[in-house]
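Student: Can you keep this structure in mind? I'll have questions shortly.
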Amino acid sequence: MPSFINTMSDNFIAIFLVAIAVVVMLWATHFARALSKNRSGLPRPIYFPYTLYTVFISLWILSNAYFQSDLLVSLGSSAATVMALLANVFSGLAFAFAFLFSCRLVSEHQGLKLKAWQWGLFGLTCMIILITNVAPGMNVKTVDVSGIGNFVIHFGPASGAFFGILLLLVVLTLVNFIRSSRSAIRLKQVKANYMVMGMVGFILSTFLAHFLIPLLFNDFSKAWLPPALSIIEAVFVGYALLHNRFYSSRYIALLSFSFLANAALYITPIALISFQESPHGSWLLALWILITGVFWNSSHAILRRGANRLLYKENGNPVESICNLIGEFRYSTEDAVVKLNQVLNAKSGRIQKVGNNPNANVFLSCFEGDRSVLVKQEVEYQLKHHKPENPECLRSVAREMVNAGTSLVLPITNEKNEVTHLYMVSKQNENELFSSEEIMGLQRLFDEANRFIVTEEKIRKSQVLAGSIAHEIRNPLTKIKYHFERIDADMFGVENASLSPFASQDMKKIYQELAEGKKAVQLGTRFIDAILDELRGEGISTELFEPYSAAELTKQAISDFSFYSDKHKNRISINTQDDFLFHGSDTLYSFVLFNLLKNAIHYFDAFPNSRVNIHFKKVNGNNEVHVIDTGPGISAEHQAHIFDEFYTQGKEQGNGLGLSYCKRVMKSFGGDISCRSLPGKFTEFILSFPSVAQQIDDETACMLKAYLKGKACIVVASNASGDWLASELKTLGAEVVIAANAKSGFSDIGQQNVDFIVMDSSLFKTDIDLVKALRTGDLGHQAQVTPILLYTCSENEASERQSSLYSSNLIQGQLDGINHRPTFYRSLASLIDDGRMVKLGSLIGKRVLVVDDMQVNRLLVQAYLASEGVTVVQAASGEEAIKCVETEPLDLIVMDIHMPGMSGIEATRKIRRLRHDIPVVALSGEYSEEAKIAIQETMDDHLVKPITKQLLIRKLTTWLVQDSFSATKSEIPN
Numbered sequence: 008m009p010s011f012i013n014t015m016s017d018n019f020i021a022i023f024l025v026a027i028a029v030v031v032m033l034w035a036t037h038f039a040r041a042l043s044k045n046r047s048g049l050p051r052p053i054y055f056p057y058t059l060y061t062v063f064i065s066l067w068i069l070s071n072a073y074f075q076s077d078l079l080v081s082l083g084s085s086a087a088t089v090m091a092l093l094a095n096v097f098s099g100l101a102f103a104f105a106f107l108f109s110c111r112l113v114s115e116h117q118g119l120k121l122k123a124w125q126w127g128l129f130g131l132t133c134m135i136i137l138i139t140n141v142a143p144g145m146n147v148k149t150v151d152v153s154g155i156g157n158f159v160i161h162f163g164p165a166s167g168a169f170f171g172i173l174l175l176l177v178v179l180t181l182v183n184f185i186r187s188s189r190s191a192i193r194l195k196q197v198k199a200n201y202m203v204m205g206m207v208g209f210i211l212s213t214f215l216a217h218f219l220i221p222l223l224f225n226d227f228s229k230a231w232l233p234p235a236l237s238i239i240e241a242v243f244v245g246y247a248l249l250h251n252r253f254y255s256s257r258y259i260a261l262l263s264f265s266f267l268a269n270a271a272l273y274i275t276p277i278a279l280i281s282f283q284e285s286p287h288g289s290w291l292l293a294l295w296i297l298i299t300g301v302f303w304n305s306s307h308a309i310l311r312r313g314a315n316r317l318l319y320k321e322n323g324n325p326v327e328s329i330c331n332l333i334g335e336f337r338y339s340t341e342d343a344v345v346k347l348n349q350v351l352n353a354k355s356g357r358i359q360k361v362g363n364n365p366n367a368n369v370f371l372s373c374f375e376g377d378r379s380v381l382v383k384q385e386v387e388y389q390l391k392h393h394k395p396e397n398p399e400c401l402r403s404v405a406r407e408m409v410n411a412g413t414s415l416v417l418p419i420t421n422e423k424n425e426v427t428h429l430y431m432v433s434k435q436n437e438n439e440l441f442s443s444e445e446i447m448g449l450q451r452l453f454d455e456a457n458r459f460i461v462t463e464e465k466i467r468k469s470q471v472l473a474g475s476i477a478h479e480i481r482n483p484l485t486k487i488k489y490h491f492e493r494i495d496a497d498m499f500g501v502e503n504a505s506l507s508p509f510a511s512q513d514m515k516k517i518y519q520e521l522a523e524g525k526k527a528v529q530l531g532t533r534f535i536d537a538i539l540d541e542l543r544g545e546g547i548s549t550e551l552f553e554p555y556s557a558a559e560l561t562k563q564a565i566s567d568f569s570f571y572s573d574k575h576k577n578r579i580s581i582n583t584q585d586d587f588l589f590h591g592s593d594t595l596y597s598f599v600l601f602n603l604l605k606n607a608i609h610y611f612d613a614f615p616n617s618r619v620n621i622h623f624k625k626v627n628g629n630n631e632v633h634v635i636d637t638g639p640g641i642s643a644e645h646q647a648h649i650f651d652e653f654y655t656q657g658k659e660q661g662n663g664l665g666l667s668y669c670k671r672v673m674k675s676f677g678g679d680i681s682c683r684s685l686p687g688k689f690t691e692f693i694l695s696f697p698s699v700a701q702q703i704d705d706e707t708a709c710m711l712k713a714y715l716k717g718k719a720c721i722v723v724a725s726n727a728s729g730d731w732l733a734s735e736l737k738t739l740g741a742e743v744v745i746a747a748n749a750k751s752g753f754s755d756i757g758q759q760n761v762d763f764i765v766m767d768s769s770l771f772k773t774d775i776d777l778v779k780a781l782r783t784g785d786l787g788h789q790a791q792v793t794p795i796l797l798y799t800c801s802e803n804e805a806s807e808r809q810s811s812l813y814s815s816n817l818i819q820g821q822l823d824g825i826n827h828r829p830t831f832y833r834s835l836a837s838l839i840d841d842g843r844m845v846k847l848g849s850l851i852g853k854r855v856l857v858v859d860d861m862q863v864n865r866l867l868v869q870a871y872l873a874s875e876g877v878t879v880v881q882a883a884s885g886e887e888a889i890k891c892v893e894t895e896p897l898d899l900i901v902m903d904i905h906m907p908g909m910s911g912i913e914a915t916r917k918i919r920r921l922r923h924d925i926p927v928v929a930l931s932g933e934y935s936e937e938a939k940i941a942i943q944e945t946m947d948d949h950l951v952k953p954i955t956k957q958l959l960i961r962k963l964t965t966w967l968v969q970d971s972f973s974a975t976k977s978e979i980p981n
């Protein structure tokens, strides 16, 4: 074993050179086979000289290996002289064919025809090489051998001519490569630069080792370096010929440095072990080889990271920078592409769906073979220099890439390996090529990101389908709602907007069912609108947020929720103490509570003793709603993910979107939602809201003062609460007259102008006959149209009044919060805002034009307005609306936005040219930013579908009745 190691050590350079020669010969074989299959498309006059050059380089390396082996010593000086002459012949012919190859490259535009002087120089070189090395003593006289790699060559008289002609060939070859790199075609420039890089390294090493050092120091020990380094030149040139895609110099430096540094890390100890004559050398060598196999990849990764940091700083190399964007595609393809374009320094880049797009389909046929990406410069180069099988197809691709302004097209496939999308991108500088590492990074990126892109496409399709379904569902719901209104009008008298207190129990039950049905339809349409907002990507708009009582909305949500049975409903308890106001949406708040209730009730049957308790709490300046259920509880592992999208656990039909959407709703309210749970004990959801009560109360008081200033009212009361209420109304600017009973109070109406009446609910029951006389007109028209409001301090009386008297047409509303100013202010503001303090019949005789292409929508609005004495004119299109404006006397127009033919916006613009004095209120199913801007520019106000009678009447009152609360809002300073 030691003798083997010594032999290997003595002949190490020779073995190394033989290995290089074999690699170069294999490369020459591979190159010849590849070119014979027309991989590069270069004609034979170009690649044939390069192939011969590579063969002679390999022979030259082998001849130099002789001088680094023990054959040099054993065969003596005469054999060394012959090998030196052969080495000269091989190197000379290699240089000659390299020159011929470079001449062919620069003569491409001339039909590959060489000039006479080039052929003359090539022929002269071959003659000098052969004559000077065949004739004895002309180039190499003798070789003195002292040891392996230690020799001196004695040159003859013709050596100057030999080396001089070779030096001239090297210079001319380099000049030709540089001329080739000045091509107008960027790809050809890069190819030539690769050749120049390889040639420069080879020329410098040859000049130093074969000319400068031997001439100055008579030292031939480094003569093996140029043949060894010639492999770099051969590979660089061959790679440039065979390929149209290249790595950047920095990336080559990264790969080379990390590999060579890692190799040196393991080869150096092997060399040290080999040179030491140790009896354990073989075992140490075997052990180190084992260590190398185990740690090679780890150390290489560490060195590569260091080189990466050194060359690319914190950004990392292009492959890593691109692949690091995979996570971005999880959330948004559009945002990920923007970041990807920034990494690539791209002018434009987009992902285009293939589908039925004929322009995209042009590229598909090009991906059927082994082609994995299309690069414009490569396609153009192939058309000019190659002989492609289907040139017309490539021409179509090139034209389409130019038309699309893209320089790279990369296919994106689905799980079936079908091309579904194309990534199309171009650089900021159109002449800049995409490097191989960038293309490799893009391929790795989209191999991983394709599933996110395809999934997002499927989700988008589902959203479109869901949006279409939601729109279609809303139409039949509107029709149901209209029929409910007709039943209400025909059976119960919609003019009264209520059920007679003297109706039978069966009629009351039917009316109650009808009211619940109307409420369910209204709630359903509101949820559909929330869904459509999400599908349109508009998120949760805060434009229509208003102040609400958390306790009132919670009670309303429990009342509206569809329980499986009364037993389930009885297991829900609520404590309204510590109620608070929040700024938000009643529909969205109901959605949150519905979701929490649904999750809790899901386990009611499995946990028969479980209950849901809801209470309110004020903590550290914030307000909270606590929803606690004593069901199975949630483990700590699942608690960490319950607000994540698409996360579900324990329910087969769950989609994992409910709680994530609840969190988004609470965030839009300015609050949050959290959960704490103890498995087997309870689950508590905490809805937190910012405290806005003081701000809302201050704004409410300001608006109330603006509205009530100068208004006259009569307070019919005989208790301290009445005195308190009268005092508060006076504080708000109203002129108040207190009466002990209805008789004395109503008598004052005929003597003075009274805007509204406030009665104690107990006096209302006592003097109900007087109230009925007032409504029938016995006390005069002024008294007949004066609104009456009730108040009470008793919770039981309030509930009783709500179920009977409040549903009567005798009164217009109730006041809450007596002896509690903030609650009273909110209650009064709510009544004013709902139009309940406007004189009865204020809308009678008004003429309103309703424009909508859906008949059921027009009929529903007509049903609402007819009950208030409004005359409704209908129009099914924008054109009809314009004709109505020209022929009909109108007070207001309710205009749909989206209609076939002329849109509502366009129709309103034309109406404005005819009439400037008619208010136009938009009626739209969307509230996008674009629609909002268009409405603000052309119309006076906006109603969002689905509408309720309450909202519609309130809006008409605002514009048609001067005495309206909404009109005062614009007068209040911000």
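In this note's numbering, the protein residues as written are 8 to 981. All C-beta atoms, glycine included, are put in the ideal place defined by N, C-alpha and C. Just so it is clear, the structure is predicted and the values come from calculations on it, not from any experiment.
Among Arg111, Lys423, Thr427, which one has its Cα closest to the Cα of valine 985?
Tutor: For the chain, the structure presents residues 8 to 981; residue 985 sits outside this window and is missing.
Student: For methionine 204, which option in Val699, Ile259, Ala165, Leu174 has the closest C-alpha, if you only look at C-alpha atoms?
Tutor: Position 197 of the sequence shown, counting from 1, holds the residue named residue 204. Ranking the options by Cα distance to methionine 204, first place goes to Ile259.
Student: Do leucine 897 and leucine 856 have their C-beta atoms closer together than 8 Å?
Tutor: The residue given as residue 897 occupies position 890 in the sequence shown. The residue given as residue 856 occupies position 849 in the sequence shown. Result yes, Cβ atoms of leucine 897 and leucine 856 sit closer than 8 Å.
Student: Around the Cβ of proline 686, are there at least 16 other Cβ atoms within 10 angstroms (buried) or fewer (exposed)?
Tutor: Translated into positions along the sequence shown, residue 686 becomes position 679. Per the 10 Å Cβ criterion, exposed.
Student: Once DSSP output is grouped into helix, strand and coil, what is the label at leucine 427?
Tutor: Mapped onto the sequence shown, residue 427 falls at position 420. Before going further, note that residue 427 is threonine rather than leucine in the sequence given. Residue state for threonine 427 is assigned as strand, using DSSP reduced to three classes.
Student: On the DSSP letters alone, give me the boundaries of the beta strand (DSSP E) that glutamine 359 sits inside.
Tutor: Taking the sequence shown and counting its residues from 1, the one referred to as residue 359 is at position 352. Counting along the chain, the beta strand (DSSP E) containing glutamine 359 begins and ends at 353-360.
Student: List the endpoints of the continuous beta strand (DSSP E) containing proline 554.
Tutor: In the sequence shown, the residue the question calls residue 554 occupies position 547. Judged by DSSP secondary structure, proline 554 falls within the beta strand (DSSP E) whose first and last residues are 553-556.
Student: Drop a sphere of 10 angstroms on the beta-carbon of lysine 853, count the other beta-carbons inside from all chains shown, and report buried for 16 or more, exposed for fewer.
Tutor: Your numbering for residue 853 matches position 846 in the sequence shown. Per the 10 Å Cβ criterion, buried.
Student: Does DSSP put glycine 127 in a helix, a strand or coil?
Tutor: To locate residue 127, count along the sequence shown from 1; it is residue 120. Note: glycine 127 maps to helix in three-state DSSP.
Student: Which residues in the same chain as asparagine 582 place their Cβ atom closer than 6 Å to its Cβ, once the five residues preceding and following it in sequence are excluded?
Tutor: Residue 582 sits at position 575 when you count from the first residue of the sequence shown. Here the set comprises His622.
Student: If we count the other Cβ atoms within 10 Å of its Cβ and call it buried at 16 or more, is isoleucine 274 buried or exposed?
Tutor: What you label residue 274 is simply residue 267 of the sequence shown in a count that begins at 1. Answer is exposed; the Cβ neighbour count stays below 16.
Student: State the Cα-Cα distance for the pair glutamate 444 and asparagine 457, rounded to the nearest angstrom.
Tutor: Here residue 444 is taken as the residue at index 437 of the sequence shown, counted from 1. Here residue 457 is taken as the residue at index 450 of the sequence shown, counted from 1. Each residue's alpha carbon lies about 19 Å from the other.
Student: Over what stretch of residues does the alpha helix (DSSP H) that includes glycine 911 continue unbroken?
Tutor: Counting from one through the sequence shown, the residue named residue 911 turns up at place 904. Element bounds for glycine 911: 911-921.
Student: What's the call for methionine 296, buried or exposed, on a 16-neighbour Cβ count within 10 Å?
Tutor: Numbered from 1 along the sequence shown, position 289 holds the residue referred to as residue 296. Reading off the sequence, residue 296 comes out as isoleucine, not methionine. Exposed is the call here.
Student: Should valine 409 go down as buried or exposed, given a rule of 16 or more other Cβ atoms within 10 Å for buried?
Tutor: As a working note, residue 409 is residue 402 in the sequence shown. Classification for valine 409: exposed.
Student: What span of residues does the beta strand (DSSP E) with arginine 683 cover, start to end?
Tutor: Along the sequence shown, one-based indexing puts residue 683 at 676. Element bounds for arginine 683: 679-685.
Student: Below 8 Å CB to CB, which residues in the same chain sit around tryptophan 966 once its five sequence neighbours on both sides are set aside?
Tutor: As a position in the sequence shown, residue 966 is number 959, starting the count at 1. Result list for tryptophan 966: Leu899, Pro926, Val928, Asp947, Asp948, in chain order.
Student: Should phenylalanine 253 go down as buried or exposed, given a rule of 16 or more other Cβ atoms within 10 Å for buried?
Tutor: Numbered from 1 along the sequence shown, position 246 holds the residue referred to as residue 253. Result: buried.
Student: With which residues is valine 880 paired in a DSSP beta bridge?
Tutor: Numbered from its first residue, the sequence shown carries residue 880 at position 873. Leu856, per the DSSP bridge assignment.
Student: Determine the direct distance from the alpha carbon of glycine 820 to that of glutamate 807, and round the result to whole angstroms.
Tutor: Reading the sequence shown from its first residue, position 800 is the one you call residue 807. Reading the sequence shown from its first residue, position 813 is the one you call residue 820. Because the pLDDT at glutamate 807 is just 43, under 50, the model does not fix this residue reliably, and the point stays unresolved.
Student: Which of the three DSSP states is assigned to phenylalanine 264 in this structure?
Tutor: Numbered from its first residue, the sequence shown carries residue 264 at position 257. Correct three-state label for phenylalanine 264: helix.
Student: Within 10 angstroms of the Cβ of glutamate 425, are there 16 or more other Cβ atoms? Answer buried if so, exposed if not.
Tutor: Here the question's residue 425 lines up with position 418 in the sequence shown. Answer is exposed; the Cβ neighbour count stays below 16.
Student: Between Leu347, Thr462, Ser84, Glu553, which has its C-alpha nearest tyrosine 430's C-alpha?
Tutor: As a first step, residue 430 is located in the sequence shown; it is residue number 423 there, counting from the start. Taking only the C-alpha atoms, the option nearest tyrosine 430 is Leu347.
Student: Check this for me: beta carbons of asparagine 71 and leucine 24, under 8 Å apart or not?
Tutor: Here residue 71 is taken as the residue at index 64 of the sequence shown, counted from 1. Here residue 24 is taken as the residue at index 17 of the sequence shown, counted from 1. Yes, the Cβ-Cβ distance between asparagine 71 and leucine 24 is below 8 Å.
Student: The alpha helix (DSSP H) that contains serine 180, what's its start and end?
Tutor: Within the sequence shown, the letter at position 173 stands for residue 180. A quick correction: the sequence has threonine, not serine, at residue 180. Unbroken alpha helix (DSSP H) run through threonine 180: 166-187.
Student: Is there a C-beta anywhere in chain D that falls below 8 Å from the one on glutamate 385?
Tutor: Within the model displayed, chain D is absent; a lone protein chain is all it includes.
Student: Have a look at methionine 861 and alanine 883 and give me their C-alpha separation to the nearest angstrom.
Tutor: Residue numbering aside, residue 861 sits at position 854 when the sequence shown is read from its first letter. Residue numbering aside, residue 883 sits at position 876 when the sequence shown is read from its first letter. Spanning the two alpha carbons is a distance of roughly 7 Å.
Student: To which residues of the same chain is alanine 21 closer than 6 Å at the C-beta, ignoring the five residues directly before and after it?
Tutor: On the sequence shown, position 14 is the one that residue 21 refers to. Answer for alanine 21: Ala72, Gln75, Ser76, listed in chain order.
Student: In terms of residues, what are the limits of the beta strand (DSSP E) holding aspartate 636?
Tutor: In the sequence shown, counting from the first residue as 1, residue 636 sits at position 629. Counting along the chain, the beta strand (DSSP E) containing aspartate 636 begins and ends at 629-636.
Student: If distances are taken between C-alpha atoms only, which option among Gly752, Leu291, Thr462, Asn269 comes closest to asparagine 304?
Tutor: Here the question's residue 304 lines up with position 297 in the sequence shown. Closest option to asparagine 304, Cα to Cα, is Asn269.
Student: Quick one, which of Val634, Glu893, Glu553 has its alpha-carbon nearest cysteine 682's?
Tutor: As a working note, residue 682 is residue 675 in the sequence shown. The shortest C-alpha separation from cysteine 682 is found at Val634.
Student: What are the boundary residues of the alpha helix (DSSP H) that cysteine 373 is part of?
Tutor: Here residue 373 corresponds to residue number 366 of the sequence shown, with the count starting at 1. Unbroken run through cysteine 373: none, as it is neither H nor E.
Student: May I ask you to list the residues that DSSP assigns as paired with cysteine 400?
Tutor: Position 393 of the sequence shown, counting from 1, holds the residue named residue 400. None; cysteine 400 has no bridge partner.
Student: Grab me the residues of glutamine 869's own chain with a C-beta within less than 8 Å of its C-beta, minus the 5 sequence neighbours each way, in chain order.
Tutor: The residue labelled residue 869 in the question sits at position 862 within the sequence shown. Result list for glutamine 869: Val857, Val879, Gln881, in chain order.
Student: Could you work out which residue in Thr420, Asn421, Leu78 is closest to glycine 156 when comparing CA atoms only?
Tutor: For the purposes of this step, residue 156 is taken as residue 149 along the sequence shown, with counting starting at 1. It is Leu78 whose Cα lies nearest to the Cα of glycine 156.
Student: In whole angstroms, what separates the C-alpha of histidine 905 from that of glycine 334?
Tutor: Taking the sequence shown and counting its residues from 1, one reaches residue 905 at position 898. Taking the sequence shown and counting its residues from 1, one reaches residue 334 at position 327. The alpha-carbon atoms of histidine 905 and glycine 334 are separated by roughly 39 Å.
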